[in-house]
Every structure is written in structure tokens, then in C-alpha cells.
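Q: Dropping a structure here in C-alpha cells format, bear with me for questions.
4 protein chains.
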Amino acid sequence: MNSENVTLCEKTVSSSYIRQGSQARRGHEQLIRHLLDQGKCPEEGWSESTVELFLNELAVMDSNNFLGNCGVGEREGRVASSLVARRHYRLIHGIGRSGDIAAVQPKAAGSSLLNKLTNSVVLDILKISGVRSVASCFVVPMATGMSLTLCRRSKSTRFLFSGFEPVVVENVTEGDELRTDLEAVQRKIGELGAENILCVHSTTSCFAPRVPDRLEELATMCAKHDIPHIVNNAYGVQSSKCMHLIQQGARVGRIDAFVQSLDKNFMVPVGGAIIAGFDECFVQEISKMYPGRASASPSLDVLITLLTLGANGYKRYLTERKEIYSFLAEELKTLASAHGERLLHTPHNPISLAMSLDGLQASSNQAVTQLGSMLFTRQVSGARVIPLGKEQTISGHTFRGFMSHSESYPCPYLNAASAVGITRGDVTLCVKRLDKCLKALKKHGKTAGSCSDQEAPDEE
Amino acid sequence: MNSENVTLCEKTVSSSYIRQGSQARRGHEQLIRHLLDQGKCPEEGWSESTVELFLNELAVMDSNNFLGNCGVGEREGRVASSLVARRHYRLIHGIGRSGDIAAVQPKAAGSSLLNKLTNSVVLDILKISGVRSVASCFVVPMATGMSLTLCRRSKSTRFLFSGFEPVVVENVTEGDELRTDLEAVQRKIGELGAENILCVHSTTSCFAPRVPDRLEELATMCAKHDIPHIVNNAYGVQSSKCMHLIQQGARVGRIDAFVQSLDKNFMVPVGGAIIAGFDECFVQEISKMYPGRASASPSLDVLITLLTLGANGYKRYLTERKEIYSFLAEELKTLASAHGERLLHTPHNPISLAMSLDGLQASSNQAVTQLGSMLFTRQVSGARVIPLGKEQTISGHTFRGFMSHSESYPCPYLNAASAVGITRGDVTLCVKRLDKCLKALKKHGKTAGSCSDQEAPDEE
Amino acid sequence: MNSENVTLCEKTVSSSYIRQGSQARRGHEQLIRHLLDQGKCPEEGWSESTVELFLNELAVMDSNNFLGNCGVGEREGRVASSLVARRHYRLIHGIGRSGDIAAVQPKAAGSSLLNKLTNSVVLDILKISGVRSVASCFVVPMATGMSLTLCRRSKSTRFLFSGFEPVVVENVTEGDELRTDLEAVQRKIGELGAENILCVHSTTSCFAPRVPDRLEELATMCAKHDIPHIVNNAYGVQSSKCMHLIQQGARVGRIDAFVQSLDKNFMVPVGGAIIAGFDECFVQEISKMYPGRASASPSLDVLITLLTLGANGYKRYLTERKEIYSFLAEELKTLASAHGERLLHTPHNPISLAMSLDGLQASSNQAVTQLGSMLFTRQVSGARVIPLGKEQTISGHTFRGFMSHSESYPCPYLNAASAVGITRGDVTLCVKRLDKCLKALKKHGKTAGSCSDQEAPDEE
Amino acid sequence: MNSENVTLCEKTVSSSYIRQGSQARRGHEQLIRHLLDQGKCPEEGWSESTVELFLNELAVMDSNNFLGNCGVGEREGRVASSLVARRHYRLIHGIGRSGDIAAVQPKAAGSSLLNKLTNSVVLDILKISGVRSVASCFVVPMATGMSLTLCRRSKSTRFLFSGFEPVVVENVTEGDELRTDLEAVQRKIGELGAENILCVHSTTSCFAPRVPDRLEELATMCAKHDIPHIVNNAYGVQSSKCMHLIQQGARVGRIDAFVQSLDKNFMVPVGGAIIAGFDECFVQEISKMYPGRASASPSLDVLITLLTLGANGYKRYLTERKEIYSFLAEELKTLASAHGERLLHTPHNPISLAMSLDGLQASSNQAVTQLGSMLFTRQVSGARVIPLGKEQTISGHTFRGFMSHSESYPCPYLNAASAVGITRGDVTLCVKRLDKCLKALKKHGKTAGSCSDQEAPDEE
């Protein structure tokens, strides 16, 4: 309430109470001031009441909420359903303008602020999470894959994206781990010629026994050969190890952009990603590749979430995730040894774990796939079962060892991950159910996981 | 956003857009200013966005939403469930204090404002609806009946409410109407002695063929004999005729208080009433009879509703209601004559209508009650069927003609009302279904409304 | 979704996924089944998603949500504002019918279920909290005070509530405590004659140094003299000691009804109470004293809260409260001794504590009241400051020692309480601020708490 | 509630009421059944209560809402903020899977249904709006521009999208209208060679004096030369004329895909588009070009909106829009003639209108741009002011007549449009303010639109 209205309130309710109330309002405003001034994620999370106050303040600055507005354009932010208006806090105009998703919209000062602030808060969190020298980033309402495409299309990645095709360099086995084959990459660059390579595309996010790529060495190689380097950091923000890899890669070599999923790292609905980089101009060029306005929904979700958690709240999540990773490893190890299996030794993968299924495979050809079905039916989600040398044909190509990141991993295995937001309860329940399934499969041999079990869906 | 924050915004988004946005905010603030200043229902309804902005402003003034509050009392407005917090807009402290439901709460400046403003806006609406000289009123979170009890308990209604018992004066038949028997009232006053009478209790709200009491004459009588006079105006606000009766009664005679239901007049959930009167001190005394804080929920509902509708919106509802009353009367008349029945002539009842069921009664003893069951099953709600001379025993007393306001109304009948919020569709559908039921009952005689029809519930 | 619709879904999405989804739905339904079947608070709290699913299911059973309904009555549950409809989950018809707040409404099967289930769940919680032999209870949308009035009005409390006036029996000092003067009560009964006493009204809920009444002895006395006995258990549900007193009182003597506040015990908004007793018929009679339908809002709030918490969640709150009581006592003791004051020894009061302010009083006459102002200004809410022998005149009577439960308590003091929902942070902050205020007052003598401090409001 | 639970309810509330309530539930279920069975937009809009019931039913089928779920994957649909969970109705998993935005997700049967049903309902609306032979479509959470890019990338549009560059064919002036220069297109095809053309890209949506492209002729040309043809139908769904153009083009020639904005046609927040086509396989191929899961938010918004409006509600909006187009034309014509200007004659543009500003231009060089600023300041949004021959340099190219679809339109002009959701009030207010601005500009010459007016923003 503005001061004039506060004065009017004092006619109705005694002024000492009103003054206290309006002083209390300043408490919320101070938080907002700090956010606007610093552009950083607040240390301590905001109450929902501050968050909603702030969103309402933004919304009244958009022209669709102007009381005196009259609209005669093609896009006026009108909303037919009040359910829809409410769920978007009446922020209807989206973000960006045609030609630049980071641009300000004249009709929507509030949504524009939302956009800028979200990018700024997210940048702060990327720094806190370990990539201290990140220069710029922005949220796009697209999944990680589509965002990576956008990065590759950017003009500054040499010339126009014309007629390029993906060249896959297989990983090499080191102990149990599948890891970047640096020599093969070097060889391939020599073979193709650096000038013919659009970019090197590496990843921090993969299922064990595969482990994050050797970013430092790849970045050095890219710098040397002047090849753009884009990193798929899909769910790497949640791991200080992954973030450290990117930070180091950029320090010693070349990383042009790294892309991360919003939902996988920040516990928001699917549909957004962060494109980040070490050169502000380059990131800006990418943002100009998104032709048109875009949904503000993913930005709104991540902003609400980060303001509510605060930097400390998010860090607590990361700490817990790390602890539960160790707990999950311990539990799987114990379970594995009880069933004559073993936890694969993949110390470089900080999120995903794999447990061998050799014994199960030995007992029956179908037991491994049956295990997948049984886990699905028992509401264990996210536990992937990878049989030996599964072949799959996609668009004419036949892939061996499909889904296992390798053409010839020596054993079948099961994946489980400790991702942000996981609880000890998840782990305990999963291991308990897994134990039951393994026992049942051993007992009954082929007949277990009977017809009542539904077909196992492939993971994503 | 305060001016300091607006300035900060201009660092991020170009100042011309921010300035326009913050100017737009002033549009909402102007509406709020007008409300605070005048204490009247706005002419034009507010957008939901202004309403919610205002409620959020109120909420941040309550101590349970202070960011720096620490509470060590027994009642701190804590909320365990966020679903509950949200649905009350975080206004948790209720209204009033022990000893006076109209009192201001030090811990809750916002809720206190809500309370005062609601009473003020509602007072304005009572004036607009026809009782122009009403002096004061307040909303209580109690139904009409309980509120009438509160009025009777008020100290100023003579002395303590001790050992009084209700004396019912039957209505007298005038044409089809059942109407106040003024002579009988006068007789009864003489009989009992005015000094022994706690108050006269009259009503504007009743089912046809009964009609509103002759308030003018009763009020004159009460003034003459110095007897308090309380009017049950349960759903009378929606009718200019009922409101006019009260206005006139107070002008020429004595009306101490009149009580109206929130839900029946303002389309809000059940549970609140307005206690109003012509002497501010007397109304205040009643408000002091409510011992303790009280739920703010009914106040919140009626405030949201009236701000959203605006005075004009509410008046439109009243106009429509009146038009649909005529439409309903026409439709029932036509239907009645098609079935050999007639619409009772009750011009003094502006809301409720009655149609005779003589023919139906003649066809079968049970047909009339069967009609009630059939209408219930067919989702016609609110249509009451009153058989001839139904007897009912309550607390030892036997009532004849129960529910019909008369011991011996000469015919069975069916009620239908045009109450605020009704649509033409309601009328058309009701008459169509009624027609079908009557046809079915005639065709099959006793057998109609077969076992598939559920027992008809008594109306309220 | 019913089975027919599930089958249709399988045409669109593969049946194994749909089957799993619809099996998952049964999980929610099982919880609801258990609630409907047992009428008890679930052990483990429900997710918000189950709670809202359930409320939606109730809402569709109310006639205002029937798709084919046509209403021609005076009360049809119409809602003008969608904000209002939503916040009540479209449960508009309230609870009860005229004549009985516990009665079922034909037009509102869902709201009626809500009402019955809430009363049943609340009864379960009263048992769990310590009054194991409670027979019946119901929620009323009125504050504790008004609910106590309702109890006294009940017919079975002898005869009609006519011309009675309250007789206060002062407490007696035992050590630091103010406690029931049993002899004085006995003397007063003899004086007035048991047959002239409407009821004995005792309390479990009071500010230290007063302590809960000696319920066992009072109940025995009431049983002996055949005097009804009503207990104000305002915020006693949160304390096993208070609940134990009631349980014991009812076991050895007579307690007719006990009344508790919803907001003080269950962290819901102000405005509801529970009336409970040991004789089902008597409780039912009270429920019939509420003339009219009533707001469902308090019932809805407490039901949502208890389903969300579960019995275990509520018990955790109670355990924490008890622990923080000890913490608060320790902290206040330390603070008191640092300032030359002492924590009053009031072991029989399990919720409220008092610390002497003798030294402060000695330093300046106004220092004690200034302390109150300072705490208010510093957002310490609920800490009451009681000066020596404050006099206040209410309705012609002059009360000495107003607000201190005693005409002549020997020292001024400050109250703080550990009420349900309090956190350690509240205690720490309060003690820290209190320390600062005491230091400031000592330093500056009279000048402290200068004009910038607002007038201290009386606590409720 | 399932039948077992209904039976349990009957223990608590009389079975006739429960039965009626549960019968009423079937009313909602019938609507849902019809939707699932037919996959069409319901004729009559659903109540919000049915919509929310349905969304809740979908949500409980997603694994993140399974009560017994334990998740050990990287993407489990966890949500940190309850504000976020609620605003998405707890539908967190998004739509699609990596590799196909139309694919079903094993973890999210409910979201998958949402996706399929939305596409189906939207297809129905495209048919109703005039493209009766459309075969398939899907909603993407991307703006129109990005969606057009996706279409061009589709493999079936010949070969890989490599090294193509856009070739613009200028419009030709016909009377006041700017219209497709068919000869120039034909010439350009000859020049480049059909086999070197990725696709022809036409549009239905443009600002007057430009008018929709001659789709019939272009489609015929494309068919003849075997060139893919993609139509930007950005806001064409709202106009039967635009839809008719597409329907005819596809009938007589070749249209591969047409793309429309969700927000511009369906009054939902910015950020979604519909990609539609006449060959199911081709549309499916495009959907497989979206690499990754995607936000369900735009699908959710348009589904809620269409279910709430119903086909009839949407048609009413279209009819109103058309009527207001005529009203706007009339009003602008009158205004123009009063100010010595004229409404340009552009009968082929069914949405956008243009009024000349010759006189204004004559009065002062800056008056035309000042008019833009003044309208912006006066909260007239969407009215574009196009000065004569504005030059703008973008990426090295200099465009003359920027924003005016032509290098050399002979006069400056102002645009206003009648877009879906516009009201008569918008038109009246706009014309009134426009009138005032024009008067002020004439009166004061250069000095009008003084410094208090902010710089006019470019439209989008």
C-alpha cells in the first residue's frame, strides 16, 4: 500500500497498528530490493507470501493487467479462462520478442523483469554450484536436446549449420568404467580436419558404468585446434564434480556453451533448460537464434523455486544428494554381494551407479528383462535394467549394446541414481523391493515375473 | 513496489516501460484509496487482480506474516497446512477481540481493516438496496437464526434475557394470502402487558402464500407501546419491496434491528449474517454481545463478492431477479392452468410463489408427496411441496399444517421462488420437469413416482 | 476415473501404463476408504493431492455442483465470485440445518459428509490427546466464548437459562501459583444452594502464575451436588496435562462438556471451537441449540489440517511443544537471573510461564508498561507484561489487578508461552530481544522506550 | 469415489442423498467419457469443477503422484515448491520423450493422455474453424517462428537442411493492398530451379495494407513444381477467411504444413504453437524432430481453455470478433474522415486495418512518430504507427519501409486489428483516445506529444 493509502487506513484502525503493519510490509520490500539490486539468489529462502507478493507486483506492470488498457493489436495477453490466468499469476505475455528471447517487451515490463531476474538468479546459482567463471546464461523453454541444437545453430559457431552430420567417438573401458577415448578423438580430428568440424559435443551426464567425459583434456584439444566445444551438462548442476569439470575445462581450454536441464537440477516441471557460457556476446548470439517470444512458464517455475529455497536451501539439497549417493552405493553393494553380484566400480560418475546382473543372467535368459518389468510393476521408477548386447535398429542403423553406452559391455547391469530431491526412504524402499524381486526370480527361475507383470518400458 | 524498487527495476528494463508499469499500479491503488476513503462499495466491480492485490496488502499487515515476528503467546496465527493458509489469503487472526466482534486486534491490522471495511461496504449496499436510513451494521459469522438470538440477548433490549418464551401470533387469510393479524398482535400485547414483552419479532422473508409482515403497522405499534422490534429480513435485501418495508417501518415507528443472511442475499457460502439497525449505539451493543474473536471467512467472502461485482453488478443481479420473478409467475400460471391448477394470488410476496395442487390431491392421497420425491430425484431443488394439513410433533407440541405457515390452509400447494442469482434456464428447466412429473402422476395415478424415486427431503 | 473411462484411456495410451496409473488411483481411494470406514484421523498424513482429490469428491456430491440441477429455492448455494467458490472447494451449503448443526442436508450430501467426518476425526484426536473416554463432540463455527454460552443454554443444564448471573470465585495463592480455592467454591455452593446454580465453569487454560483448575476435586464436588460442570479447555488439547485433568475429572466426578478452540490447538484460522462431552445425548442436545445452518469453513480447515498432518504429525507437534516449553523455561530462567529477576515457580501450568519484573518496577514506575511497548514495536508478539495492581473499570465494576487473574498478585511479571507450532527460533529471538529491552530500560531509566515506541496493546 | 466408498458414505449420510450425489458424479464422468471416446472439443463448455476433476484424475496417474512410488532415476518429477506443484496441477513430467514430442511416457500415463487429448481436441477445432480436411496436428511449446523452423528441418522436406538461405519475394500493390506477386514467385522458381528450393513459405497473417497470400495459386504452383509449401497461419485460426484459404490451397494444390500460434488464437499465455498438416505421416515426422521431452504447460492451457469454452463458446468468440472487425472499420472510417484521412481499402485482410496518416505527416515531420508515443502513454496497445519509408539496418542489410511489408508504401499509416477476445469497449476507447491525440497533434503542431510522452516502442 502506498503512503497515501496507509494514512487512510489510520482513520479506520489505530495508527500504531497500521504503522507496524506497514513497517512489516517494508520487510518484504527489502527482500525484493535486495533481489533487484544484486540480481542474486537470496541466501535464505523467501516465504511463499513474499514470493506471491512479488509476482503480483510484476503482473500489475504488464499491459494485460492495466485497468485502463485498450488493445487493438494481434497479441494483447487476453486470457479466456480464469483458471489459466490464475495459474500463471496473470503473467501472460511470455518472455522475449521476435528475434531475441532475452529482449524486453514494451507491453510487458513485469514479464520482462521476470525474465531478466530469472536469468540473473540462475547465473548466480551456476556460480555457487561450481562454475565460478560463468559469464552469462539464459533460460529457454525447451528441453536440453533442443537447446543443444540451438547452440549448434548459433552463427558464431563458424558458419551456417549446413550439411553437418554427427560423428560418434566410442568410449573406452577403464576398469569397470566407460570413459572418453581421448586418442580416438584426437585421431578423428586429424582424420576430418579441424576446419570441417562444427563443434565437439561432450557430456557430464550419463549412466554408469559410463562416466563424465574428460572435459579438461577435450577442452584443451578444442582450444588447440580452434574447434567450438559444447557440453551437455543435463543434470550436472546438482553435482560439484560435474561443475568442477566444466570450470576446469573452461580455465585450461575451450568450452563455448554448456546446457543443463531445469527439471533435472531444480525440481521443476519438465520443459526448460539453461544455456550458459563464458563469453557474454556468444551467449547473447544464441539467445538471438530463438525466433519469437517464448513461454515464461519454465522461468517462472525456476524463479519461484529458487526464491523459495534460497541459496542455502538449494545447497542443503545438494549436500543431501551427495550423502544419499554414498548411502545408495553402500546399500547396493550389500545387496549385490548378498545375491552374488557386485557394484561396478565407477568412482568418476558422481550420480549414477550400476550393479552387475551376471548371476541373474546365468539363471535364465529372460530373467534380466523380467527384472525390469517387475520393478516397473512395483513402482520402482528410474531403475534401468540393461541386458547383454541388446540390439536395436533405428533408422536403418543397427545398434549393439543399445542404451548401454557401449557396443560390448561385458555384463548386464542395473542402474540406480542419486538425483537431487531423492530421500533415504526412496533408497531403502528401492533396495527392499529389488531384493524381493531378485529372490523371486532366483526361486522360480524362468517362471517368475509372470504374466501379471507388465512389459518393462524403456527408460526415456 | 515502492519507489526505491521501481528505480532499481529501471536498471534492468528500460525506464519508459517500468514507468508505465508503475503508473498502472497506481490505477489499482486509486481504487483501493477510494474504498479506504469512502468506505463504500465501488460503483464498478474490481478485477480479480485488484481484489487479490488488496487482500495481499491486508495480509502482510497481520503479525503472522511479519518476517521478523517471534510469537510466544497462545494465539499467534500459525497455520499448519499451506492449503489452509492459501485459501484464507493468509488472513488467519479472524475478526474482533474478546468482548467485541467489531474491535480492532493489535496483532492483526490487516484483518481489522478487513472487518471494518466489510461492515462499511455492506452498510452501503443496505442503503442502496432501499434502507436508506440504516445507521450501522456488522457481519457476524453466524446464520440468521443465531444472529437473531444475539440481538435478543442484547442488554438494551430491556433487561436480561431471562425466562422469556416465544408467543406465536397466527397469520390471517386475506384472499389467497396469509398476512399479519394486526388485531391479534394488538390483543396479545394488551393481554401480556407491553412491559412483559422482550420484543416483537417480525419477518419479511417467508414462503407464499404467506407474505411479509405489515412492518409499518407493527413498527407503529411497537413505538407506541415502547416494545423493541426485531425484523428477520433473512433474504429480503434482494427485494426492494422488503427493504422498503423496513425503511418505512423505521420511519414511522420502531425497528431496533433487522437481520439478513449473507448467503441468501449475496451468493456466498452459508454461515454469515448482517445485523443492522438505525441506532449506532444499539448495534454496537449487540456487537459486544459476541464473546470472543470470530471467523473472518464470511466477511472475506462478502467483501470479495461485493468488490468484484461493484454496486452496479449487484444492482444488475437484483434487476434480473425481479424480471425472472415475473417470468416464473407467468410460466407457473400457464403450467397451472394446463393442469387444472392455479397460481395463488400473493402479490405481496415479491420472491416466493405458490401453485395449488388441488387436482393432484384429488387424484390420489399420496400424489402430492410423490411429486416432492419426483422433483428431488430430477434435481429440481428448492421446490417445496406442501400437502394438506400435515401434522408434526416437535418437543411435545403438535403442529398442524406444518411448514405451511398456517394451521389450516385450504389447499395443498407447491412453492417456487425467484431468488438472487436465478437464471431463466432454471425456470424453464424447472417448469419442464414439473410438467413431466404432473403428467406422469396423472397418467399412472398412484403408481407414478415409483420405488425408484427417493424419499422427498423436507426443505431446510 | 471409473472403469469405463479407464478402458477408453487404454485406446489412447498403452494399457500397461494406464493400468498402473489407475492402480495408483486406488492407493488414494484406499486412504479415503479407511477414513470413511474408521472415521479416525489417519496415522500418517495424506499428501495434499489426496486431500484435494477427496474434497473434490465431496464437492461434486453437493447439489450446487450438479450439472443438471435447476434451483427455484431461496438457498441454492449459488456463488457470484469464482475466487470465493474456489477457496471453499465449491462446498457452499455450509453444515447443519435449522434446528441442528449436526443434521444432514438433503441438498448437500458432500458437505454433510464433511461435517460428520470432521466431528469424527476430531473426536479421535481428542481421545489420542488424552481424554480417552470422550463420547461425542462437534465443531462449531464460533469462538470458544460463544461456544461456552451455547453449552450453558442447553436445556439439559436444568431449566431455561433465565436470569442467572456469573459468580466469580477468586483463586488462592500457593507458592507462586494462583490455584482453585476449593474451600471457597464449596462455601459458595452452600451459600447459594446447589439447586440455584446453573453450572460450575472451570478452566484448564490460563496465564501463569495462574494454573489450571483442580478439575478432579471440582468434578467430584459437582457430582456430589448434582451441579452441571463445564470446562473451558481453550488451548488445552495441546497439553497432555490439561487433557489428563479432564479425563480424570470425568472419571471420578462430573464434567458435562468441555470446549476447546480450533485455532489455538490445531493451527487453523480463528473462528471455530469443539464442544465435547461424555454423554452423547447431551452433546447432541447442545448441537440442537444452534439455530440454523452454519459455516463449514472451520470444519474444512481442521479436516484439511488433520488429514495432512495425520495423527503422527499432530503428535510430533505436541512433543515439540512440550520440549520447547522446557527450553523456554530454561532460557527465561537464565535471562531472569541475569537481570536480577526470577522465573516464577508454576509447575502446574504446562503452557504459560511468568518471569518477575520486580527490579524493573523498582527502577521506574513506567518501565514495566514501557517494556510492553518495546516488545510490541520489536515484533515480539504474545508476550504480556502485567504491571502491579492495574485497575480497570468495566461496566461500572472496578477490577484490581486486571488481566492478572488476581486482585493483588505481589509482583509485576511478564508472560510467555510455549504453544503448539512454536519453534526454537521463536524462543531464541524473543529472549534476545527481551534481553536488549531490559538492558535498554535499565540503562536509560525512564527515558528508555522513548516516544518512538508505540503504545502497548492489551493482549486479547 | 468408487462404489465401495460410496457404500461406506451411506453409513454416515442417508443413502438417498448419497445416491443422488454419486449419480451427479456420473454426470461429470459422462462428459469425460465423451471426451475420451470422441477426442473432440465438447459442444458446450465444461464447468471449472469438471475441468479440475478431470485434471486431478490425470495427475494421479503420473508416477510422481503414486503414493507408493520410489524413484532412483535422474528424472522423477519431484517438485521442490508447492506453489509450482499446484499451478501445474501436479502434472510435472511434461509431454513427449526424447525423439518424439508425441510419444507416450511410461512414467506419466496422465500427462501422456493430456498430450494426446489436447492434440485431438485442437485438431477438432481446426476442422471446425474451416480446415475441414486437416489430417493431423500437435501442440509444441514453442512460439510460431521456432515451430516453422522445426517444420523446415523435417527430413521429408527433401533432404537435409543444409546451406539454404531465405529468398524474399516482395509483394505487389493492388489498389491499397499489398498482395502476393505471383509472377515474381514464378519467375524466382524458374531462376533458382525448383530442385534447389527447400520450401515455399507463405503467410495468412499480416498487417494491413498487406493481405494474406494467394494460397490457392501458390499451392498450385508448389504442386506443379513439387516444392514443399509451409504456411505461417500465426493468428489465422480466428478468421474463417484465413482458414478457408488453407483449406482451398490444400484441395487444389500443395500445403505440407501450417503453423499457428496458441496465444494469438486461443487466448492463452504466450509460448505454444500448433503444427498441422494434411498428411499424418509427415506431421509425425515433424514431431520426431523435437529432440526431448517438452513443457506440458501450453498444452494444459489450451486444453483447459477449450474444455471451458466448448466448441460453441469458441465459435461465439469468432463471431464476435468478426462483428467487431466491422465495427472497428466503421469507427476508423468515421474518425479518418473527420481528420481528413481515410481508411485504406484492404478487403482481403480480415483482421488488420490501416488508416492513412497523410495529413498528420504533412503537418509535421515528427507528428507520426509522436502519435505512436502518445498512444503508448495513453495505454492504447497494439496500434502500430508506420511512418513513411523508415529505414533500418539489420545484420548489415538496410531495409526501407521497415515494418510496413513494403519498400515504398506511398503513405504513412496506423494499424488496428480486431483479434479474438477484443471487445466493443476496446474499440470505442481506442478511437476516442486516437481522436484526442490527433486533435492535440494538430493543435500544437510539433509541440504536441511533449516530453512527458515516452518513446514509442516498436511493435513486437
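Protein chains in written order, with the working numbering: chain A, 77 to 536; chain B, 77 to 536; chain C, 77 to 536; chain D, 77 to 536.
Quick reminder that beta carbons are idealized off the backbone N, C-alpha and C, glycines included.
Remember, predicted model here, so these are calculated numbers, not experimental data.
1) Rounding to the nearest angstrom, what Cα-Cα distance links residue 136(B) and residue 176(D) in this structure?
2) Using a Cβ-Cβ cut-off of less than 8 Å, give me the residues of the region 442–465 of chain D that come near chain A, in sequence order.
3) Keeping to the same chain, check which residues put their C-beta closer than 6 Å to that of residue 416(B); ignore five residues upstream and five downstream.
4) Do residue 309(C) and residue 280(C) count as a contact pair if the criterion is CB distance below 8 Å?
5) At a Cβ threshold of 8 Å, is residue 123(C) touching chain A?
6) List the DSSP bridge partners of residue 146(D).
7) Just list the beta strand (DSSP E) runs in the region 215–300 of chain B, keeping only unbroken ones of 3 residues or longer that don't cross its boundaries, in chain order.
8) Using the beta-carbon of each residue, which ones in chain D are nearer than 7 Å to residue 182(C)?
9) With three or more beta-carbon pairs closer than 8 Å as the criterion, would you say the region 113–129 of chain A touches the region 197–212 of chain A?
10) Quick check: the Cα distance between residue 254(B) and residue 217(B), rounded to an integer number of angstroms?
11) What separation, rounded to the nearest whole angstrom, lies between the Cα atoms of residue 92(B) and residue 180(A)?
12) Less than 6 Å between C-beta atoms, sequence neighbours within five positions excluded: which residues of the same chain meet that for residue 256(B)?
13) I'd like to know whether the C-beta of residue 98(C) is nearer than 8 Å to at least one C-beta of chain A.
14) For the region 506–523 of chain C against the region 358–378 of chain C, do three or more pairs of beta-carbon atoms, one drawn from each stretch, fall closer than 8 Å, so that the two count as touching?
15) Residue range of the alpha helix (DSSP H) that residue 538(A) falls in?
16) Considering just the uninterrupted stretch of the alpha helix (DSSP H) at residue 319(D), what are its terminal residues?
17) Can you confirm whether residue 384(C), when its beta carbon is compared against all beta carbons of chain D, has any partner nearer than 8 Å?
18) So, at 6 Å on beta carbons, what are the nonlocal neighbours of residue 131(D) in its own chain, with the 5 sequence-adjacent residues on each side left out?
19) How long is the line joining the alpha carbons of residue 158(B) and residue 344(A), rounded to whole angstroms?
20) In whole angstroms, what is the alpha-carbon distance linking residue 193(D) and residue 143(A)?
21) Starting from residue 403(B), follow the alpha helix (DSSP H) in both directions and report where the run begins and ends.
22) Tell me whether the beta-carbon of residue 369(B) lies closer than 8 Å to the beta-carbon of residue 352(C).
23) Anything in chain B within Cβ reach of residue 158(D), meaning under 7 Å, just list it in chain order.
24) Which chain D residues are close to residue 164(A), counting only those with a beta carbon under 7 Å from its beta carbon?
25) Would DSSP call residue 306(C) helix, strand or coil?
26) For the alpha helix (DSSP H) holding residue 435(A), just list the boundary residues, first then last.
27) Is there a Cβ from chain D that is less than 8 Å from the Cβ of residue 154(C)?
28) Short of 6 Å in beta carbon distance, which residues of its chain neighbour residue 389(A), apart from the five on each side in sequence? Order them along the chain.
29) Return no unless some Cβ of chain G is closer than 8 Å to the Cβ of residue 511(A).
30) Would you mind reading off the limits of the beta strand (DSSP E) that contains residue 334(B)?
31) Please list the partners that residue 88(A) has in chain B, where partner means a Cβ-to-Cβ separation under 9 Å.
32) Any chance the region 426–442 of chain C sits against the region 487–496 of chain C, with 3 or more Cβ pairs inside 8 Å?
33) Quick one: what's got a C-beta closer than 8 Å to residue 421(D)'s C-beta in the same chain, skipping five residues either side?
34) Tell me whether the beta-carbon of residue 334(B) lies closer than 8 Å to the beta-carbon of residue 378(B).
A: Inspection of the coordinates gives the following:
1) Residue 136(B) and residue 176(D) have their C-alpha atoms some 47 Å from each other.
2) For the region 442–465 of chain D, which is checked against every Cβ of chain A, the residues closer than 8 Å are 452, 455, 456, 457, 458, 459 and 460.
3) Excluding the 5 residues flanking it on each side, residue 416(B) has same chain C-beta neighbours closer than 6 Å at 435, in chain order.
4) Cβ distance < 8 Å, so residue 280(C) and residue 309(C) count as in contact.
5) No, no contact with chain A.
6) Paired residue(s): 456(A).
7) Annotation: the region 215–300 of chain B contains the following complete segments of the beta strand (DSSP E) (minimum length 3 residues), in chain order: 248–250, 253–255 and 276–279.
8) The contacting residues are 93.
9) The count of Cβ pairs closer than 8 Å, one atom from the region 113–129 of chain A and one from the region 197–212 of chain A, reaches three, so the stretches are in contact.
10) Between residue 254(B) and residue 217(B), the C-alpha separation is close to 32 Å.
11) Approximately 12 Å, taken between the alpha carbons.
12) Hits under 6 Å: 289 and 290.
13) It does not: the Cβ of residue 98(C) has no partner Cβ on chain A nearer than 8 Å.
14) No: fewer than three Cβ pairs fall under 8 Å.
15) Residue 538(A) falls outside the range modelled here, since chain A spans only 77 to 536, and no answer is possible.
16) Counting along the chain, the alpha helix (DSSP H) containing residue 319(D) begins and ends at 316–328.
17) By this cut-off, residue 384(C) is not an interface position.
18) Correct list, in chain order: 165.
19) Rounded to the nearest whole angstrom, the C-alpha separation of residue 158(B) and residue 344(A) is 19 Å.
20) Roughly 36 Å separates the two Cα atoms.
21) Boundaries of the alpha helix (DSSP H) harbouring residue 403(B): 373–414, taken from the DSSP string.
22) Taking 8 Å as the Cβ cut-off, residue 369(B) and residue 352(C) do not qualify as a contacting pair.
23) What residue 158(D) touches in chain B: 158.
24) Within 7 Å Cβ-Cβ: 345.
25) Correct three-state label for residue 306(C): strand.
26) Note, residue 435(A): alpha helix (DSSP H), 434–439.
27) Taking Cβ atoms only, chain D never reaches closer than 8 Å to residue 154(C), which makes this a no.
28) So the list reads 121, once near-sequence residues are dropped.
29) Among the chains of the structure shown, chain G does not appear; the protein chains present are A, B, C and D.
30) Run containing residue 334(B): 333–337, per the beta strand (DSSP E) assignment.
31) 112, 115, 180, 188, 189, 192, 193 and 196, listed in chain order.
32) Yes: the two stretches touch, three or more of their Cβ pairs being nearer than 8 Å.
33) Closer than 8 Å at the Cβ level, and outside the excluded window around residue 421(D), lie 251, 252 and 253.
34) Taking 8 Å as the Cβ cut-off, residue 334(B) and residue 378(B) do not qualify as a contacting pair.
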